[in-house]
Amino acid sequence: MAESSDPRRATAPEPEPGRPLSAGVALLATAVAVINLLVGGTLTTVALTGHVLGAWSSPDPLSPGLIGAGMLGAAPALFGLARTRTWEQARTLVLPLTVVLAGLFAVSLLNAGRLYIARGGPIVSVLFSLGWLFVLGLLCVGAAVCLAGQLVRRSGPPVPRTAPLPGWSKPPLAVLGSSWLGIGTGLLLRPGFWADFVPWHTNRLDAQALGVWALALGVGVLGSLTEDDLDRTRPALQSLPGTALAMTLVLAARAPHVDWSSGPGLGLVAMVAGLLAAGASGRLLLRGGAGPGEAMRGAG
Amino acid sequence: MAGRTGTGAARERGVVVRPWTSSTWRRVATVAVTAVCVGYAPLAMTELWPYARPGAPAFGESLLAHAVSPRYVADALATRVAPYRHSLIPMIVHSVLGGLLMLLGPAQLLTATRRRSRPHRGLGILFAVTVYASMAGAGLYLARTAPRDAFSGAAFWIVLATILVGTVLSVTFGILAAVAGLPDLHQRWMLLCYGFLLTAPLLRLEWGTLPAVLPGLPMTEINRVALMHLGSLVVFGALLASRARDRRDTVDGLGRSWAPLPVTATAHLAAAAALVWIARAFSAYGTAGRRLLVAYLVPYAVAYAVMVFGARRAARQARPWAREEWRIHLTGLCLAPVVSAGAVVFFEHSLGLARFTALTAGVAIGCGLTAFGATQVVSLRLLYAREVRRRSAPAPLPVARAATPVS
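For the record, the sequence lines run as chains F and S. Residues in the first sequence are numbered from 1 upward in steps of one, following the UniProt record's numbering. Residues in the second sequence are numbered from 1 upward in steps of one, following the UniProt record's numbering.
See the structure below:
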């Protein structure tokens, strides 16, 4: 296979721009997408029925439900990620993915004594928490191996920015990204204090897991801002509407349990709405402005 | 999908024809499995009628009573009535749809081998919906029944739960593979799913035939003996079927083996240690323990021998993909006792089960779990090869495409 491609390389004009996406990262994205679809779908469905299913016991089904919603919402974008060709196009989604995997695994390990495995409980929950740890551990190891393989790949000439973000979008994106990053870091590092800013009942593990997700969302949004190229941030933009819609669904189903009139409640509404707006406007811009750009890429 | 070369064409290529995948053996296996499925379907559908309406005809029970003894069946029924009573509707849904699946399975295999894609797709949707509905019924029964109240105890509950999860995940992966246009993955997952479904008729078969080998035991004890190799037999059968249907010598983009010598050597060492641990644990329970140990070890040894033989022969015939799949499943089989040992410890400590129950449950689910994992690794392997193929091709330039016919 390598031999058959060499003569083609000799006649091809120049190497492709950018760092080619490795097969390992593409496979990781597909595997995580499938797992997210199954596990996220299960968690979301169970939370919508008002029961708690998770690796640890939660006072309210909202927390595991939102974690599941985040997983489910990101799945379509992860399937799309496997089809991108360069690392530059993929990294805005791969980096938040790494944050989620490493963060959830670390949070689960650090609070291992609070998981159902250690505490005991209904047999289904105990088995779920065992599977949760095992799969997360496997994915973390896989992510480490695949990313190492990706980062040692040789890069071609730098990819030009074909569709920079419009000027008016940058301040709102900065505010959105910073708010998610901020609340995420706070929940992760000092859950005891920052959990009060979550407008429903959470315990320590819930707060930290939600913090990991918020951190990942913030990294994704701020990362898109830094890339400053609509084409490169396509996977991340694709994940925003799905995630926001899934979160809205869970929040709407459990609306009586959320303190909407408080400051944090209003802040949550604004942040989720911001995600929806960012995703929607990104799609419109991609479809409208990148039309001629895509035609050029297809021809040459 | 793999080209189906006849044995004549294979001989022309100078390839030794593999005995158990020649047409005769495959036909015999297909006919046997179809006969078991079609024969079991009416038994499955009517199995629970007597619980709903006492006095209804119960073909399965009368067959079993004739084969063994009426006392054998009556003792078993006495312990089953109570748990079934509070989940009767879900169980009836489960058993009737299960009988339907017994008929759909051979039909799907037929449409697949005859390349009738429209009936295969149509029946496939029906198959998938039926699997989900049947498993939902079983899931409701398991959720409402405490493990210790299940027939034959908590070990059986755990095995049933594992088979349920395995079936649901296998059919889901099979559907995803079909949607993604990956027929080799689709075949493997569907064969594994059907293997898990076949545990039902296989168990009933053992209920009827094992008393001839082990006379005087009640059905609960026979059940435990059957559990020891139920999982390993069906997943082994699924592997044989997958290998028979995949005639490829190699896959483009395969690269280095994912089960090289260091990995398999470590797996063998771990297997040896775990098997010794399991043997010693079972020996502490006298005759009953030794019986269960033999029921576990004999099918395990047979599966191991076949896999080693398959891998060696594939290597001799220079067929890298076949060798790779045999080796991955061999590694999985070696890791099965290790997973079992871990499961025993987990069941004892996290679920608080008694030692003997934990031991039975852990050993029973080991082979099924690792075979599922091995099928996952095989799928990832094929997906990885596809990604490597995709990414080794240059970017779609019109000029380059015209100049490159891939040989």
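Every residue gets a Cβ at the ideal spot worked out from N, C-alpha and C, and that includes glycine.
Let me know the secondary structure DSSP gives W200(F) once reduced to three states.
coil
Quick one: which residues of the segment 339-358 of chain S get their C-beta closer than 8 Å to a C-beta of chain F? List them in chain order.
F346, S350, L351 and G352
Contact between the segment 36-47 of chain S and the segment 200-219 of chain S is defined here as three or more beta-carbon pairs at a separation below 8 Å; is this criterion met?
yes
Given that P20(F) touches chain S, what residues does it touch there, using C-beta distances under 8 Å?
R391
Using the Cα positions of E206(S) and I123(F), report the straight-line distance between them to the nearest angstrom.
28 Å
Once you ignore the five residues that flank V234(S) on each side, which residues in its own chain have a CB closer than 7 Å to its CB?
G195, F196, L198, T199 and L202
Integer-rounded CB distance, given that L187(F) should sit under 8 Å from G211(F):
3 Å
Which value, in whole angstroms, describes the spacing of the CA atoms of V363(S) and A154(S)?
13 Å
Enumerate, from N- to C-terminal direction, the unbroken alpha helix (DSSP H) stretches of 4 or more residues contained entirely within the segment 90-164 of chain S.
117-144
Per DSSP, the bridge partner or partners of W56(F):
L115(F)
Rounded separation between E47(S) and P90(S) - CA only
13 Å
Which value, in whole angstroms, describes the spacing of the CA atoms of P20(F) and T209(S)?
59 Å
In three-state terms, what does DSSP make of T86(F)?
strand
Enumerate in chain order the residues of its own chain whose CB-to-CB distance from R290(S) is below 8 Å, with the five nearest sequence positions on each side excluded.
F282 and S283
Of the residues A32(S), L164(S), F347(S) and P260(S), the one placed nearest L142(S), counting alpha carbons only:
L164(S)
Should P215(S) be labelled buried (16 or more other beta-carbon atoms within 10 Å of its own) or exposed?
exposed
Chain F within 7 Å of E47(S), Cβ atoms only:
no
Can you name, in chain order, every residue of its own chain whose Cβ lies under 8 Å from the Cβ of R85(S), other than the five neighbours on each side?
Y51
Pairwise C-alpha distance: F127(S) and L101(S):
7 Å
Range of the contiguous alpha helix (DSSP H) that encloses Q317(S)
First-last for Q317(S): undefined, no H or E at that position.
When burial is assigned at 16 or more other CB atoms within 10 Å of the CB, is T49(F) buried or exposed?
exposed
Please state the DSSP three-state secondary structure of P20(F).
strand
In the segment 162-188 of chain S, which residues sit with their C-beta less than 8 Å from some C-beta in chain F, listed in chain order?
L169, T172, F173 and L176
Beta-carbon neighbours of E325(S), restricted to chain F and to distances below 7 Å:
Within 7 Å Cβ-Cβ: nothing; E325(S) doesn't reach chain F, min ~18 Å.
Assigned exposure category for V298(S) - 16 Cβ within 10 Å defines buried
exposed
Should W260(F) go down as buried or exposed, given a rule of 16 or more other Cβ atoms within 10 Å for buried?
exposed
Taking the alpha helix (DSSP H) that E61(S) belongs to, which residues open and close that run?
F59 to A67
Near-chain F residues of the segment 366-392 of chain S (beta-carbon distance less than 7 Å), N- to C-terminal order:
L380, L383, Y384, E387, V388, R391 and S392
So P147(S) contacts chain F; which residues on that side make the cut at Cβ distance below 7 Å?
I123
Neighbour list for L27(F) in chain S, Cβ cutoff strictly below 8 Å
L380, L383, Y384 and E387
Under 8 Å by Cβ, that's how I've got L134(S) and H94(S) pegged, so tell me the actual separation to the nearest angstrom.
Here residue 134(S) turns out to be Ser, not Leu, going by the sequence shown. Right, the Cβ-Cβ distance comes to about 5 Å (below 8 Å), so this counts as a contact.
A403(S) in three-state terms, based on DSSP:
In this predicted model, A403(S) has a pLDDT of only 42, less than 50, meaning its place in the structure is not dependable; the value taken from the coordinates is given anyway. Reduced to three states, the DSSP call for A403(S) is helix.
Neighbourhood of V96(S) by C-beta distance below 6 Å, restricted to the same chain and skipping five residues each side:
M45
When you compare each of G124(S), L123(S), V159(S) and T287(S) to Q138(S) by their alpha carbons, which one comes out closest?
Just to set this straight, residue 138(S) is Ala in the shown sequence, not Gln. Closest option to A138(S), Cα to Cα, is V159(S).
Is it buried or exposed, D228(F), if we count other Cβ atoms within 10 angstroms and call 16 or more buried?
exposed
Contacts of V34(F) in chain S (Cβ-Cβ under 7 Å):
L176
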